[in-house]
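Below you'll find the structure, written out as structure tokens, and then a few comments.
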Amino acid sequence: MAGAELVVLVRAVRLALEREAGRGRGDLWTVAAAEPARPRKEASMTRPELLSPPHDTLEIVAKEVRLSETRTHAVPGVGTGRVGIVFVGEAPGAEEDRRGEPFVGRAGELLNKMLLAMDEKQLIPGVSVSREAVYIANVLKCRPPENRNPLPHEVEACSPYLMRQLALLKPRVIFCLGKFAAELLVGAKGTIGGMRGTVFRYGDAKLLVTYHPAACLRNPAYKRPVWEDMQFLAREYLSD
Ligand code: URA
């Protein structure tokens, strides 16, 4: 406010006070001061964002910020999910980071072959499991440097995105590819060997577990159990 405006305002207030005093209401300042104080109200509001997650530290926040800086593209997911099947992997690799799409590197080529085989063999008659018809996502949405394993605080920071995707997609079956997706969504530690073959639940969805395609590339002996798990997926998809 300019100095001149302030002078005008002070003058107007003084005049108003004098006018009120002339009407027998006394000095308003004195009247106001004599009034009992209004009871103090407290507004309480739950603000979960104000609570830091357990074990959070400033260093962890800094690391997370840097992690999203080291990526080229975030990789949210691909597909429509219209057939009610969601595949969940671990984290984008170099090729996924370059293209912003999950499973487009070597592991992705293998996943595509498996989807194609499911279609060719008509494992789910009348239902296409193309990349477009299903939804494919990862636990982490950014590539960890040097393709290292996701760290617990990264999973904690990124997994709410996956949870929101699943809540929106409302899949019939979720197929976890590898340990990180499986442990996160099953909600318990375990090995893939120990978890595969069981129908877990994630809300209304059936949740199944298999080896990661990258594990199949490293050890081709995993290809057969993965194919069996895809047949299991088809059976569970078709049953109630
Ligand atoms: N491995 C994954 O888990 N996800 C990808 O998107 C690619 C490789």
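Note that my numbering has the sequence shown beginning at 24, numbered continuously upward.
We treat Cβ as the ideally placed atom computed from N, Cα and C, and that holds for glycine.
Note that the C-beta distance between V232 and V157 is not below 8 Å. Here K164 is buried: its Cβ has 16 or more other Cβ atoms, across all protein chains shown, within 10 Å. The alpha helix (DSSP H) runs of length 4 or more contained entirely in the stretch 170 to 250 are, from start to end of the chain, 175 to 192, 202 to 209, 215 to 218, 236 to 241. Within the chosen limit of 7 Å, ligand 1 does not reach the beta carbon of G104 with any heavy atom. Here the C-alpha atom of P148 lies approximately 14 Å from the C-alpha atom of L138. Distance between A237 and Q145, taken at the CA atoms: about 25 Å. Between the stretch 214 to 230 and the stretch 128 to 138 there are fewer than three inter-stretch CB-CB distances shorter than 8 Å, so the stretches are not counted as touching. The C-alpha of N170 lies about 31 Å from the C-alpha of G226. The shortest C-alpha to C-alpha distance from S182 to any of G128, S153, R94, V98 is the one to V98. By alpha-carbon distance to R154, the top candidate from V249, M253, R129, G100 is G100.
In this structure, T93 places its C-beta atom within 8 Å of the C-beta atom of P168. Fewer than three beta-carbon pairs drawn from the stretch 115 to 123 and the stretch 179 to 196 are found closer than 8 Å, and the two stretches are therefore not classed as touching.
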